[in-house]
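See below for the structure under consideration.
There are 2 protein chains.
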Amino acid sequence: MCVIPIASLPTTMGGSDREMLHAPAPNAWETFVTSTSNPLKLLLRKLETHSRLDEEDRQAILALPYTLKTLEPQTYIVREGDAPDICAVLVSGFAYRQKLTGDGARQIVAVHIPGECLDWQNLFLDEADHNVQTLTRAELAFIPGNELQKLARSRAAIGHAILVSLLVEASIFREWVLNVGRRDALSRLAHLLCEFALRLEAQGLADENGYELPMTQEQLADSLGLTPVHVNRTIMALEGKGFIARDKRRISFPDWRRMRDVADFNQRYLHLEPQEAGSFSH
Amino acid sequence: MCVIPIASLPTTMGGSDREMLHAPAPNAWETFVTSTSNPLKLLLRKLETHSRLDEEDRQAILALPYTLKTLEPQTYIVREGDAPDICAVLVSGFAYRQKLTGDGARQIVAVHIPGECLDWQNLFLDEADHNVQTLTRAELAFIPGNELQKLARSRAAIGHAILVSLLVEASIFREWVLNVGRRDALSRLAHLLCEFALRLEAQGLADENGYELPMTQEQLADSLGLTPVHVNRTIMALEGKGFIARDKRRISFPDWRRMRDVADFNQRYLHLEPQEAGSFSH
DNA sequence: ACCAAAAAAAAACATAGGTTTAGTTTGTGG
DNA sequence: CCACAAACTAAACCTATGTTTTTTTTTGGT
Chain A
1 MCVIPIASLP TTMGGSDREM LHAPAPNAWE TFVTSTSNPL KLLLRKLETH
51 SRLDEEDRQA ILALPYTLKT LEPQTYIVRE GDAPDICAVL VSGFAYRQKL
101 TGDGARQIVA VHIPGECLDW QNLFLDEADH NVQTLTRAEL AFIPGNELQK
151 LARSRAAIGH AILVSLLVEA SIFREWVLNV GRRDALSRLA HLLCEFALRL
201 EAQGLADENG YELPMTQEQL ADSLGLTPVH VNRTIMALEG KGFIARDKRR
251 ISFPDWRRMR DVADFNQRYL HLEPQEAGSF SH
Chain Y
283 MCVIPIASLP TTMGGSDREM LHAPAPNAWE TFVTSTSNPL KLLLRKLETH
333 SRLDEEDRQA ILALPYTLKT LEPQTYIVRE GDAPDICAVL VSGFAYRQKL
383 TGDGARQIVA VHIPGECLDW QNLFLDEADH NVQTLTRAEL AFIPGNELQK
433 LARSRAAIGH AILVSLLVEA SIFREWVLNV GRRDALSRLA HLLCEFALRL
483 EAQGLADENG YELPMTQEQL ADSLGLTPVH VNRTIMALEG KGFIARDKRR
533 ISFPDWRRMR DVADFNQRYL HLEPQEAGSF SH
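Chains as they are written, first to last, in this note's numbering: chain A, 1 to 282; chain Y, 283 to 564.
Listed below in structure tokens is the structure:
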């Protein structure tokens with residue numbers, strides 16, 4: 001078990017603020033934000049990996065008002081017991097959901113990548129049942145909860161897309177229960193790396209050269225129900241056997257087919273259809 | 283790992299059929315069904331443990347049309363890959379969700395009790411990503427998927443209640459990841475037994491005398507990521523130390539406080555508020 | 001480019017839980 | 001009420017992963 005001294009962790013949101021934008025006429029927003037394009041584009045892309053939207057739906061999403069903030073690594077976004085009323089979309093960087101046992105052991109129960117919404121799991125419940133933290137430095141677009149609900153109600157396809165996203169998250173939780181409960185360390189780690197490959201690729205953040213994995217081995221351990229020491233052994237075994245190649249924190253897959261096999265990986269649970277057909281999807 | 287020979291398992295739905303009831307005027311349905319009262323009452327009770335509904339909502343739910351079927355133990359209700367279009371509510375008996383690894387190890391990812399709907403996790407996705415089976419002999423009320431969707435759309439409180447039920451299920455998945463990933467066998471099993479206590483009590487199926495647990499030790503093992511042999515060791519340890527008492531398959535808790543402590547059990551993740559305050563909720 | 005701190009790697013040793021096999025009890029259908 | 005199968009209990013042994021400690025490498029701030 002790997003005990004995190006809670007006191008030593010950074011506390012709640014400190015991050016640079018920007019003014020609230022009520023993103024107006026299409027194609028006018030570029031001037032307001034850091035990145036060269038609307039940060040909500042990735043949210044749109046995410047929704048479209050699971051559902052079909054028409055042009056009006058797309059414009060409606062891109063026109064949502066938001067506040068952009070940059071948060072330092074390990075900043076809490078939601079704390080267990082909170083009553084969340086906003087909705088944060090990850091624009092860049094990574095985040096994770098986490099629960100602690102009574103004696104301080106941490107289990108990461110989900111890892112989020114750009115384009116994903118961090119609050120749907122809590123938004124409709126009275127109090128949060130787990131913590132959400134940034135993993136790396138991250139930019140978040142905060143959308144007022146009621147704006148999103150309004151949109152979900154007025155445009156059925158968007159409401160449906162949000163529901164599907166929620167259900168896909170639930171599907172991933174189930175696969176994690178299986179992964180942690182029934183696979184040995186080697187396939188377990190391999191499985192997680194495959195999941196990241198597919199999800200990142202769907203968001204345009206991974207290709208045949210693999211992807212940048214910004215997690216420490218300790219964080220991987222906490223995602224897998226293992227020890228940092230054993231994750232280290234296991235990651236080196238995966239590398240030694242040629243299932244993965246590493247360069248700094250970039251992971252790539254010399255032979256995806258073999259990788260998928262050790263990982264016992266079947267992408268069905270990710271429900272990636274509406275567009276797609278990338279390097280990893282076969 | 284505990285390998286289930288798939289070929290030996292019973293296949294899809296065989297069970298006694300009854301005609302479709304379009305349950306009409308309130309209080310007229312009793313004549314049609316086995317039990318002395320509307321089987322949808324438990325669904326209503328379930329929804330009301332997480333959300334508030336008014337009298338009209340209640341009547342609307344009890345007036346839903348359904349077909350009642352009795353299924354034998356281990357009957358498949360949904361199979362991975364299916365495109366489900368009905369919605370089954372568990373009226374009596376137990377059911378579970380399950381996934382298999384490539385080499386046949388089984389992980390139970392959820393256990394369902396009377397009043398719970400078995401298909402919300404799959405209904406809005408194109409294909410099921412896991413299997414759902416009865417655990418015991420069970421009565422199911424099949425509600426046409428579109429009837430429920432119609433109701434969810436026309437009555438916001440019901441739509442919200444369904445969404446909350448889904449989110450609570452997701453919350454339970456997260457707790458299971460934590461349980462399997464970070465608790466040792468003793469607290470892990472204890473935690474599961476506590477969860478059942480609370481959930482069954484909320485449905486009126488457990489009291490200070492505990493509850494009937496119809497799971498074999500093998501099924502418990504598959505829910506906990508353990509071996510049947512070790513579940514046996516552990517259950518006897520819980521009994522030996524006085525955390526639980528057993529009589530046949532009835533489990534009771536001589537000292538709930540101590541039980542909750544070994545289990546590291548905090549009921550927050552079950553989101554049981556709107557009514558409640560039973561023997562276990564303190 | 002340098003330094004401190006964090007992360008990764010390595011090695012030796014410990015243990016919770018897995019495996020195998022066998023005996024006993026309980027439940028169920030005839 | 002009997003017989004058979006399923007479930008449970010038991011015990012001996014094994015191994016994947018945990019623990020602890022030390023060393024090396026990488027990272028990030030100035």
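The beta carbon of each residue, even a glycine, is placed where N, CA and C say it ideally should be.
As the structure is a prediction and not an experimental result, all values here were calculated from the model.
| query | Relative to chain Y, which residues along the segment 151-185 of chain A have a C-beta separation below 8 Å, given in chain order? | reply | Cβ contacts with chain Y: His160, Leu163, Val164, Leu166, Leu167, Val168, Glu169, Ala170, Ser171, Phe173, Arg174, Glu175, Trp176, Val177, Leu178, Val180, Gly181, Arg182 and Arg183.
| query | Could you give the uninterrupted runs of the alpha helix (DSSP H) lying entirely in the segment 332-411 of chain Y, keeping only those of 4 residues or more? | reply | 337-344 and 402-405
| query | What residue range is occupied by the uninterrupted beta strand (DSSP E) comprising A:Phe142? | reply | Position 142 of the first sequence, counting from 1, holds the residue named residue 142 of chain A. A:Phe142 -> beta strand (DSSP E) spans Ala138 to Pro144.
| message | To the nearest angstrom, how far is the alpha carbon of A:Glu195 from that of A:Gln267? | response | As a working note, residue 195 of chain A is residue 195 in the first sequence. As a working note, residue 267 of chain A is residue 267 in the first sequence. Cα to Cα, the separation comes out at about 8 Å.
| said: Can you tell me where the beta strand (DSSP E) holding A:Thr134 begins and where it ends? | reply: Taking the first residue of the first sequence as position 1, residue 134 of chain A is located at position 134. Where A:Thr134 is concerned, the enclosing beta strand (DSSP E) stretches over Asn131 to Thr134.
| Looking at C-beta atoms only, is the number of pairs between the segment 415-435 of chain Y and the segment 176-186 of chain A that lie closer than 8 Å three or more? | no
| said: Is there a Cβ of chain A sitting closer than 8 Å to that of Y:Tyr551, yes or no? | reply: For this step, residue 551 of chain Y is matched to residue 269 along the second sequence. So, interface residue.
| request: Within its chain, find whatever has a CB closer than 6 Å to the CB of A:Tyr269; leave out the 5 residues flanking it on each side and keep chain order. | output: Sequence index remark: in the first sequence, residue 269 of chain A carries index 269 (1-based). Around A:Tyr269: Ser171 and Glu175.
| If you measure from the beta carbon of Y:Glu330 to each beta carbon in chain A, is any gap under 8 Å? | Taking the first residue of the second sequence as position 1, residue 330 of chain Y is located at position 48. Y:Glu330 does not count as touching chain A.
| query | Would you say Y:Val225 and Y:Pro321 are within 8 Å of each other, going by their C-beta atoms? | reply | Since the first and last residues shown for chain Y are 283 and 564, residue 225 of chain Y lies out of range.
| message | Can you pull the chain Y neighbours of A:Glu273, defined as C-beta to C-beta under 8 Å? | response | Here the question's residue 273 of chain A lines up with position 273 in the first sequence. Correct list: Asp408.
| message | In the DSSP output, which residue or residues are listed as bridge partners for A:Asp247? | response | On the first sequence, position 247 is the one that residue 247 of chain A refers to. Answer by DSSP bridge pairing, in chain order: A:Arg250.
| query | Excluding the five sequence neighbours on either side, which residues of its own chain have a C-beta within less than 6 Å of the C-beta of Y:Ala545, listed in chain order? | reply | Indexing the second sequence from 1 puts residue 545 of chain Y at position 263. The answer, listed in chain order, is Ser469, Ala472, His473 and Cys476.
| According to DSSP, is A:Leu204 helix, strand or coil? | In the first sequence, the residue the question calls residue 204 of chain A occupies position 204. It should be pointed out that residue 204 of chain A corresponds to Gly in this sequence rather than to Leu. A:Gly204: coil per DSSP, three-state reduction.
| How long is the line joining the alpha carbons of A:Met259 and Y:Arg388, rounded to whole angstroms? | On the first sequence, residue 259 of chain A is found 259 positions in, with the first residue counted as 1. On the second sequence, residue 388 of chain Y is found 106 positions in, with the first residue counted as 1. Whole-angstrom Cα-Cα distance: 22 Å.
| Counting pairs of Cβ atoms below 8 Å between the segment 115-125 of chain A and the segment 54-73 of chain A, do you hit three or more? | no
| Based on Cα-Cα distance, which residue from A:Asp129, A:Glu80, A:Ser223 and A:Pro274 lies nearest to Y:Glu451? | Numbered from 1 along the second sequence, position 169 holds the residue referred to as residue 451 of chain Y. The shortest Cα separation from Y:Glu451 among A:Asp129, A:Glu80, A:Ser223 and A:Pro274 belongs to A:Asp129.
| field | 7 Å Cβ cut-off: residues of chain A touching Y:Gly384 | value | Residue numbering aside, residue 384 of chain Y sits at position 102 when the second sequence is read from its first letter. Here the neighbours are Asp264.
| query | Does the beta carbon of A:His230 sit closer than 8 Å to a beta carbon anywhere in chain Y? | reply | Locating residue 230 of chain A in the first sequence gives position 230, where the first residue counts as 1. No, A:His230 lies away from the interface with chain Y (no Cβ there is under 8 Å from its Cβ).
| query | For A:Gly225, which option in A:Asp247, A:Leu200, A:Asn179 and A:Ile235 has the closest C-alpha, if you only look at C-alpha atoms? | reply | As a first step, residue 225 of chain A must be located in the first sequence, where it is residue number 225. Closest by alpha carbon: A:Asn179.
| Status (buried if at least 16 other CB within 10 Å, exposed otherwise) for Y:Asp401 | Against the second sequence, residue 401 of chain Y aligns to sequence position 119. Buried, because 16 or more other Cβ atoms sit within 10 Å of the Cβ of Y:Asp401.
| field | Distance between A:Asp85 and A:Arg153 (C-alpha atoms, nearest Å) | value | Counted from its first residue, the first sequence places residue 153 of chain A at position 153. Counted from its first residue, the first sequence places residue 85 of chain A at position 85. So the two alpha carbons sit approximately 17 Å from each other.
| Y:Ala387 versus chain A: which residues are under 7 Å apart at the beta carbon? | Translated into the one-based positions of the second sequence, residue 387 of chain Y becomes position 105. Going along chain A in sequence order, the residues near Y:Ala387 (Cβ under 7 Å) are Arg182.
| query | Is there at least one Cβ from chain A nearer than 8 Å to Y:Lys233's Cβ? | reply | As shown, chain Y starts at 283 and ends at 564. That puts residue 233 of chain Y outside it, with no answer to give.
| field | Secondary structure of A:Glu212, DSSP reduced to three states | value | Locating residue 212 of chain A in the first sequence gives position 212, where the first residue counts as 1. If DSSP states are grouped into helix, strand and coil, A:Glu212 belongs with the strands.
| field | Nearest-angstrom Cα separation, counted from Y:Lys323 out to A:Phe94 | value | As a first step, residue 94 of chain A is located in the first sequence; it is residue number 94 there, counting from the start. As a first step, residue 323 of chain Y is located in the second sequence; it is residue number 41 there, counting from the start. Rounded to the nearest angstrom, the gap between the Cα atoms of A:Phe94 and Y:Lys323 is 44 Å.
| Same chain, Cβ closer than 6 Å to A:Gly81, five either side skipped, listed in chain order | Residue mapping note: residue 81 of chain A aligns to position 81 of the first sequence, counting from 1. So the qualifying residues of the chain are Glu127.
| Should the segment 247-256 of chain A be regarded as contacting the segment 203-212 of chain A, the criterion being three or more beta carbon pairs within less than 8 Å? | Segments in contact, yes.
| Nonlocal neighbours in the same chain, by C-beta distance under 7 Å from A:Phe280, ignoring five residues either side | One-based indexing of the first sequence puts residue 280 of chain A at position 280. Here the set comprises Ala197, Leu198, Glu201 and Trp256.
| message | I want to verify the contact list: residues of chain Y whose CB lies under 9 Å from the CB of A:Gln323, in sequence order. | response | Here chain A has residues from 1 to 282 only, and residue 323 of chain A is not among them.
| query | Considering only the beta carbon of each residue, do A:Pro114 and A:Gln203 sit closer than 8 Å? | reply | Translated into the one-based positions of the first sequence, residue 114 of chain A becomes position 114. Translated into the one-based positions of the first sequence, residue 203 of chain A becomes position 203. Yes, Cβ-Cβ distance for A:Pro114 and A:Gln203 is below 8 Å.
| message | With H, G and I counted as helix, E and B as strand and the rest as coil, what does DSSP make of Y:Asp543? | response | As a first step, residue 543 of chain Y is located in the second sequence; it is residue number 261 there, counting from the start. Three-state DSSP puts Y:Asp543 in a helix.
| Integer-rounded CB distance, given that A:Leu64 should sit under 8 Å from A:Leu151 | The residue you call residue 151 of chain A lines up with position 151 of the first sequence. The residue you call residue 64 of chain A lines up with position 64 of the first sequence. Their Cβ separation, rounded to whole angstroms, is 7 Å, which keeps A:Leu151 and A:Leu64 in contact under 8 Å.
| message | Do A:Ser51 and A:Val164 have their beta-carbon atoms positioned less than 8 Å apart in this structure? | response | Sequence index remark: in the first sequence, residue 164 of chain A carries index 164 (1-based). Sequence index remark: in the first sequence, residue 51 of chain A carries index 51 (1-based). The answer is yes: Cβ separation under 8 Å.
| So is A:Val91 in contact with chain Y if we call contact Cβ pairs under 8 Å? | Taking the first residue of the first sequence as position 1, residue 91 of chain A is located at position 91. No, because no Cβ of chain Y sits closer than 8 Å to the Cβ of A:Val91.
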